[in-house]
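Enquirer: Protein chains in written order, with numbering that gives the first Met the number 0: chain G, 0 to 221; chain X, 0 to 97; chain R, 0 to 377. We put the CB at the ideal spot given by N, CA and C, even for glycine.
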Amino acid sequence: MIEINNIRKVYNAGVHNEYVALDGVSCSLEAGKVTVFKGPSGSGKTTLLSVLGCMARPTSGRIVLSGRDITSLPERFRTDVRRRTFGFIFQQFNLIKGITALENVMLPAYPFGERRASLEKRALLLFELFSITRRAREKAELLSGGEIQRAAIARALINDPKAIIADEPTAHLDSSLSRDFMELVGRLKQEGKTAIIASHDPIVYESGVVDRVISMRDGRIE
Amino acid sequence: MRKSTTFLTFILLLTILMGFAFAHARARQRADMPRLQRSADLVRLFELTDLCLFTDAQYTRHPAVSVRHTAFQDHPLSFEHFPSGSLSGPPPHLMNHE
Amino acid sequence: MNKIEKQRYILDFTLSSLLRRKGRNAALVLVYTFIVFLPASVMFFTHAVKREAALVLADAPEIIVQRIVAGRQALVPASYADRIKTIRGVNAVRGRLWGYYFDPVFGGANYTLVVPEYYPYDDGTIAVGSGVAGNSGSGEDNLLVFKAHDGSLKTLRIREVLSSESELVSADLVLMSQHDFRRLFGIQPAYVTDLTVAVRNPAEYVTIADKIAKLLPDTRPIIRDEILRTYDAVFNWRGGILLVVLAGSVAAFVIFAWDRAAGLSAEEKKELGILKAVGWETSDVLMMKLWEGAVISLTAFLTGVLLAYAHVFFGSASLFEPVLKGWSVLYPDIRLTPFVSAPDVAVLFFITVIPYTVATIIPSWRAATIDPDSVMRS
Chain G
0 MIEINNIRKV
10 YNAGVHNEYV
20 ALDGVSCSLE
30 AGKVTVFKGP
40 SGSGKTTLLS
50 VLGCMARPTS
60 GRIVLSGRDI
70 TSLPERFRTD
80 VRRRTFGFIF
90 QQFNLIKGIT
100 ALENVMLPAY
110 PFGERRASLE
120 KRALLLFELF
130 SITRRAREKA
140 ELLSGGEIQR
150 AAIARALIND
160 PKAIIADEPT
170 AHLDSSLSRD
180 FMELVGRLKQ
190 EGKTAIIASH
200 DPIVYESGVV
210 DRVISMRDGR
220 IE
Chain X
0 MRKSTTFLTF
10 ILLLTILMGF
20 AFAHARARQR
30 ADMPRLQRSA
40 DLVRLFELTD
50 LCLFTDAQYT
60 RHPAVSVRHT
70 AFQDHPLSFE
80 HFPSGSLSGP
90 PPHLMNHE
Chain R
0 MNKIEKQRYI
10 LDFTLSSLLR
20 RKGRNAALVL
30 VYTFIVFLPA
40 SVMFFTHAVK
50 REAALVLADA
60 PEIIVQRIVA
70 GRQALVPASY
80 ADRIKTIRGV
90 NAVRGRLWGY
100 YFDPVFGGAN
110 YTLVVPEYYP
120 YDDGTIAVGS
130 GVAGNSGSGE
140 DNLLVFKAHD
150 GSLKTLRIRE
160 VLSSESELVS
170 ADLVLMSQHD
180 FRRLFGIQPA
190 YVTDLTVAVR
200 NPAEYVTIAD
210 KIAKLLPDTR
220 PIIRDEILRT
230 YDAVFNWRGG
240 ILLVVLAGSV
250 AAFVIFAWDR
260 AAGLSAEEKK
270 ELGILKAVGW
280 ETSDVLMMKL
290 WEGAVISLTA
300 FLTGVLLAYA
310 HVFFGSASLF
320 EPVLKGWSVL
330 YPDIRLTPFV
340 SAPDVAVLFF
350 ITVIPYTVAT
360 IIPSWRAATI
370 DPDSVMRS
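Following this line, the structure appears as structure tokens:
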């Protein structure tokens, strides 16, 4: 589904605190599979996820998505590709406080201007899928750790993306919730979705759900 | 009800009220014409020159016919009547240097 | 439908966002409303007074001739009238008798005493304005006592109280016969307070006024146009206190907008980042900020203007009373006819809503263009 060729990502290029996050990374990820990038912090996993998900532009190299070279697309088109193709789950989950869980989950769909009734229905279906329906209209900060996690996944799925990208999704979860997470990933895989996860948590990369583990170190694939 | 609906309804209501205010003004203007005409009649009958807005000093009660030196009144240290003096201000024809 | 629905979503989010800090935003709207209310009230009030003046004073005397001696108004010899009559274009000349009476009995009110051309009642009687009646607590058939120039007391009976609907021109008037006026103030028949001149052709006001001034160098003519222009200029914003009020409003406004423009908090920045990260474009984020400014300013503007209208035209501008009354004892109940200037309201809109809305967007520009990538790495 995604193919990356010789991706380099350099921050603060040319300045004294120049930092090479990715140093010539190439790989090819299959659709419908669960891939985990594992490695210590600083190995460039987060940056790689960023690049794969079209959130950040590589300094050099090519990205091919479903056979289409998207490396030099202008921002508008990249954003469009990104929101239709990928759903993101962040390390901190990053729900917006002060608004309801339901509103949080619907947020990514707002720019599409879909009719409210149908959007809400879709969102509530996701809440049901993750068994958190009764918390839908609570303010986000009142949710428990596990509920936030599920809401974050629901949010990533609201636009029915082809792939989920998750950065250290179990970093703030206990073992039981971490296993729950991987189970949910398994369900998504059954529905044909692709999952790309960065993690140094064994519960993640040793899970039976995972199809492929790629090790990273110092911005390169080992 | 959806928040945006509530807000937009509220704004719509206020805008309609503003419309009413304009309509009210129109209606009152028409209704008050006789009263204004009667006041105008008094002005003509009594040969009046000013509105009775401020009754504290000559130059505030009759600014239209006050003399350039009226504000000095009887003594250069005489107080200015505030705020009526500032609000009525010297009439333009006194400000022109003819 | 797509576009409208999208705007409504953004508005939904904006409102949720504003409601998060209910107290702060409520206070903001309140203060902002007040800042609109004040100049709007002033605008409505002054505009209505000016229009009323223009309508009501339309038939004021065409030319008034005063006599100035040593910088003060002095009595005019009645013979001047005959001399003015000789000027070509003059229809009629009449001597006016009017003056002021300070009444220590009823709080130190100042009355304007006027002898009309036709006083319908007997000597020994007066017709008074509603302000005089109200202030002295008297009505028809009551007596008012005046102290004459020679120290004697004159008692005059009220035959009529003028309707309060004409208060704006008659509140402080006391009308009496010529005989009583002259006896009260000791003015000889040979003198009058000033003269009014009726002119055949309105286009000739200025010419005839000039001729009068030349003919009688110790006089000063005032023409009707000047009377009307006086009231065009009343409550001029350049006059002291109005300038202070308006400047105060503008200053408060600028402080507001500046506070907005000073930048976003770290939390606000993070939120914008999250929005970008979940797929909102820069333009969507800016739209939200625009709505934020618009929600507050539209609410405050509409509420402020409506309250101002109610205040001035239903509440007789009562909040201004202490200011307007000043040292006056007699103060008319200012029930104005609503004359509203739509252009003025529009101007108020542009100088309040637009700057504030813009001031809300500008500091967000940077945060809105943030790379969503950085949210991943926070």
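1) Tell me the rounded alpha-carbon separation between R:D102 and R:V127.
2) Run down chain R in chain order and give the residues with a C-beta less than 7 angstroms from the C-beta of X:A39.
3) Identify every residue that forms a DSSP beta bridge with G:M181.
4) Distance cutoff 9 angstroms, beta carbons only. Does G:R81 sit that close to anything in chain R?
5) Whose C-beta lies closer than 6 angstroms to the C-beta of G:R149 among residues of the same chain, with five residues either side of it excluded?
6) Quick one: list the residues of chain R neighbouring G:T78, beta-carbon separation under 8 angstroms, in chain order.
7) If we call anything under 9 angstroms between Cβ atoms a contact, is X:L50 one with R:V55?
8) Rounded to whole angstroms, what is the Cα-Cα separation between R:L143 and R:R50?
9) Of all the CB atoms in chain X, is at least one closer than 9 angstroms to the CB of R:F312?
10) Using DSSP's beta-bridge definition, name the partner residues of R:G98.
11) Runs of 4 residues minimum, wholly inside the stretch 194 to 238 of chain R: which ones carry the alpha helix (DSSP H) assignment?
12) So G:D166 and G:Q90 are supposed to be a Cβ contact under 8 angstroms. How far apart are they, rounded?
13) Quick one: give me the first and last residue of the alpha helix (DSSP H) that R:E164 is part of.
14) Any beta carbon of chain G sitting closer than 9 angstroms to that of R:Y308?
15) The alpha helix (DSSP H) spanning G:I98 covers which residue range?
16) What I want to know is whether the C-beta of G:K8 ends up closer than 8 angstroms to one or more non-hydrogen atoms of the ligand GTP.
17) Among G:N16, G:A20, G:N11, whose alpha-carbon lies nearest the alpha-carbon of G:R219?
18) State buried or exposed for G:A12, treating a residue as buried only when at least 16 other CB atoms are found within 10 Å of its CB.
19) Quick check: the Cα distance between R:R156 and X:L52, rounded to an integer number of angstroms?
20) In this structure, what does DSSP give as the bridge partners for R:P76?
21) Between the Cα of G:E190 and those of G:A30, G:P110, G:P107, G:D173, spot the shortest distance and give me the residue it belongs to.
22) Strictly under 9 angstroms for the Cβ-Cβ distance: is R:Y120 near chain X by that measure?
23) Could you name the residues of the stretch 20 to 36 of chain X whose beta carbon sits closer than 8 angstroms to any beta carbon of chain R, in the order they occur along the chain?
24) Taking the CB atoms as reference points, tell me whether R:L183 and R:A57 lie closer together than 9 angstroms.
25) Could you compute how far the alpha carbon of G:V50 sits from the alpha carbon of G:R7?
26) What does a CB cutoff of less than 7 angstroms around G:G60 pick up in its chain, not counting 5 residues either side in sequence?
27) Determine the chain G residues that contact R:R23 at a beta-carbon separation under 7 angstroms, and present them in chain order.
Expert: Well, looking at it:
1) 14 angstroms
2) L54, V55, A57, D58
3) Bridge partners of G:M181: none, in fact.
4) yes
5) F129, I131
6) G278, E280
7) yes
8) 34 angstroms
9) yes
10) R:L112
11) 204 to 214, 223 to 232
12) 5 angstroms
13) Per DSSP, R:E164 belongs to no alpha helix (DSSP H) and is neither H nor E.
14) no
15) Careful: G:I98 lies outside any alpha helix (DSSP H) and carries neither H nor E.
16) As for the ligand GTP, it is missing from this structure, which has no ligand bound.
17) G:A20
18) exposed
19) 26 angstroms
20) R:Y190
21) G:A30
22) no
23) A20, F21, H23, A24, R27, Q28, D31, R34, L35
24) no
25) 10 angstroms
26) I3, N4, N5, I6, R7
27) Within 7 angstroms Cβ-Cβ: nothing; R:R23 doesn't reach chain G, min ~13 angstroms.
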